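Asker:
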Amino acid sequence: MKNEIEKNTDIDGYGNRIAVGSSALHRRRVAGLTALILLFALGLLNEPEDFLGPKHTSWVRYMEVYSSFLLLLVYIVPFFLFMRWFCKKYTVSGLELLLAGFCGAFIASPYAGALNDDFTRIMTRLLGHYYSDAWMGSFEVGIVEELLKLGTTALVLYVLGRKTLKSFLGIGMCVGMGFQIDEDISDITESGFRHVNEIIPIAVDRIQVALGSHWCYAAVTAAGLYFMVTAMGDRKRRRKGLGLIILIMSDHFVYDTPIGDVNLFNALLTAAVLVPLVLILRSSEMSPEERI
Numbered sequence: 001m002k003n004e005i006e007k008n009t010d011i012d013g014y015g016n017r018i019a020v021g022s023s024a025l026h027r028r029r030v031a032g033l034t035a036l037i038l039l040f041a042l043g044l045l046n047e048p049e050d051f052l053g054p055k056h057t058s059w060v061r062y063m064e065v066y067s068s069f070l071l072l073l074v075y076i077v078p079f080f081l082f083m084r085w086f087c088k089k090y091t092v093s094g095l096e097l098l099l100a101g102f103c104g105a106f107i108a109s110p111y112a113g114a115l116n117d118d119f120t121r122i123m124t125r126l127l128g129h130y131y132s133d134a135w136m137g138s139f140e141v142g143i144v145e146e147l148l149k150l151g152t153t154a155l156v157l158y159v160l161g162r163k164t165l166k167s168f169l170g171i172g173m174c175v176g177m178g179f180q181i182d183e184d185i186s187d188i189t190e191s192g193f194r195h196v197n198e199i200i201p202i203a204v205d206r207i208q209v210a211l212g213s214h215w216c217y218a219a220v221t222a223a224g225l226y227f228m229v230t231a232m233g234d235r236k237r238r239r240k241g242l243g244l245i246i247l248i249m250s251d252h253f254v255y256d257t258p259i260g261d262v263n264l265f266n267a268l269l270t271a272a273v274l275v276p277l278v279l280i281l282r283s284s285e286m287s288p289e290e291r292i
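Letter by letter, the sequence shown follows residues 1 to 292 in full-length UniProt numbering.
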């Protein structure tokens, strides 16, 4: 009888620990969701100015600029079809990926733009004509933008409670694509309202570099984060994850410098991020099993 009572006590204690742990996890998820909503709302407040022209811009100019956004469908539609295939093959929720896309566009992108502008302004004041946006600015952009996209990806994954490589990869890709679309629209808007003749060239340029751009960057860094958080003491695995993140930051930095303007180097930089992505997609870990 005594042993039975002790056994029941142990079971009750174990059950209480599970309940407490579940409650703590729920509170953390709620806190993460609150942070996500707050960041999203603040990002929305920063966005409108990126889509507006000077005060006396005519509605004709607005139509010329805004209609050019349709050109971006050249890469958006193939990406959408690819993600449909991805969702079916790996059983990933399309709604979760859509949420990730919006978070990339309205969290990572606005804050990256603000930080990039602040960095340029501060460094210009400190260094004057010694400041080189082509090199120093590119270095800052490569770090800040990738960290913001990775942070946004991590927050979305945490709120959704996703722990598999397929989820890291899919959500990372969509955060990056949301970021990419918002950045492209911002570039077209800024150039188009300044000089109408720049609208089409800028749009075409953004389409040309879309293959190895932010969606790919964010996917590989998300995979790198996955390898790091699932290392469980495996130093080789942790170094692999960190190496992928550093690779993307370095690739992004070099791409934004004058080196990236050379067609050969541009192609090499694109291949340098696409090859790891393809290898990750072919990895045996692209399965529903969870390691965390």
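Each residue gets a CB set at the ideal place from its N, CA and C atoms; glycine is no exception. Model, not experiment: these values are computed from the prediction.
Which residues in the same chain as N197 place their Cβ atom closer than 7 Å to its Cβ, once the five residues preceding and following it in sequence are excluded?
Answerer: The answer is none, since no qualifying residue turns up.
Asker: State the CB to CB distance for the pair residue 309 and I143, rounded to an integer number of angstroms; the pair is presumed to be in contact (CB under 8 Å).
Answerer: Because the chain here runs from 1 to 292, residue 309 falls outside it and cannot be looked at.
Asker: Under the three-state reduction of DSSP, which class applies to Y131: helix, strand or coil?
Answerer: Note: Y131 maps to coil in three-state DSSP.
Asker: Quick check: the Cα distance between F69 and F80, rounded to an integer number of angstroms?
Answerer: Approximately 16 Å, taken between the alpha carbons.
Asker: State the DSSP-derived secondary structure class of V144, mapped to helix, strand or coil.
Answerer: Reduced to three states, the DSSP call for V144 is helix.
Asker: Please state whether DSSP places A272 in a helix, a strand or coil.
Answerer: A272 falls in the helix class under three-state DSSP.
Asker: Three-state secondary structure (DSSP) at M286?
Answerer: It is coil, neither helix nor strand.
Asker: Which of the three DSSP states, helix, strand or coil, is assigned to A210?
Answerer: Reduced to three states, the DSSP call for A210 is coil.
Asker: Please determine if the region 71-90 and the region 195-214 are in contact, where contact requires at least 3 C-beta pairs separated by less than 8 Å.
Answerer: The region 71-90, when compared against the region 195-214, does touch it at the 8 Å Cβ threshold.
Asker: Quick check on A41: buried or exposed, where buried means 16 or more other Cβ atoms within 10 Å of its Cβ?
Answerer: Looking at its Cβ environment, which holds fewer than 16 other Cβ atoms inside 10 Å, A41 is exposed.
Asker: Among the candidates T270, G137 and R235, whose CA atom is the shortest distance from the CA of I248?
Answerer: Comparing Cα-Cα distances from I248 to each of T270, G137 and R235, the minimum goes to T270.
Asker: If we count the other Cβ atoms within 10 Å of its Cβ and call it buried at 16 or more, is P276 buried or exposed?
Answerer: The residue is buried, with at least 16 neighbouring Cβ atoms inside 10 Å.
Asker: Pick helix, strand or coil for R29, following the three-state DSSP scheme.
Answerer: In this structure, R29 counts as helix in the three-state DSSP scheme.
Asker: What are the uninterrupted segments assigned as alpha helix (DSSP H) that are 4 or more residues long and contained completely in the region 144-197, given in chain order?
Answerer: As far as the region 144-197 is concerned, its whole alpha helix (DSSP H) runs of at least 4 residues are 165-194.
Asker: Can you give me the start and stop residues for the alpha helix (DSSP H) that H252 sits inside?
Answerer: R235 to D256 is the extent of the alpha helix (DSSP H) around H252.
Asker: Please name the residue in G241, I188 and V30 whose C-alpha comes closest to that of R206.
Answerer: Closest option to R206, Cα to Cα, is I188.
Asker: Identify whether P54 lies in helix, strand or coil by the three-state DSSP scheme.
Answerer: Coil, per DSSP.
Asker: By how many angstroms is the C-alpha of S109 removed from the C-alpha of Y217?
Answerer: So the alpha carbons of these two residues sit roughly 14 Å apart.
Asker: How about A105 and G151: do their beta carbons lie closer than 8 Å?
Answerer: Result no, Cβ atoms of A105 and G151 do not sit closer than 8 Å.
Asker: Please classify Q208 as buried or exposed, where buried requires at least 16 neighbouring CB atoms within 10 angstroms.
Answerer: Exposed, by the Cβ-count rule.
Asker: Tell me whether the region 239-253 and the region 133-142 touch, counting them as touching only if at least three CB pairs, one residue from each stretch, are closer than 8 Å.
Answerer: Touching, per the Cβ criterion.
Asker: Excluding five sequence neighbours on each side, which residues of the same chain lie with their C-beta closer than 7 Å to the C-beta of H26?
Answerer: Once the five neighbours on either side are set aside, H26 has no close Cβ partner at all.
Asker: Alpha carbon to alpha carbon, what distance is there between R29 and L169?
Answerer: For L169 and R29, the distance between alpha carbons rounds to 21 Å.
Asker: Out of I185, V159, P201 and L148, point me to the one whose CA is closest to V175's CA.
Answerer: Taking only the C-alpha atoms, the option nearest V175 is L148.
Asker: Touch check for the region 158-169 and the region 217-230: three-plus C-beta pairs under 8 Å?
Answerer: Touching, yes.
Asker: Does DSSP put T120 in a helix, a strand or coil?
Answerer: Helix.
Asker: V65 lies in the alpha helix (DSSP H); which residues open and close that run?
Answerer: Element bounds for V65: W59 to S67.
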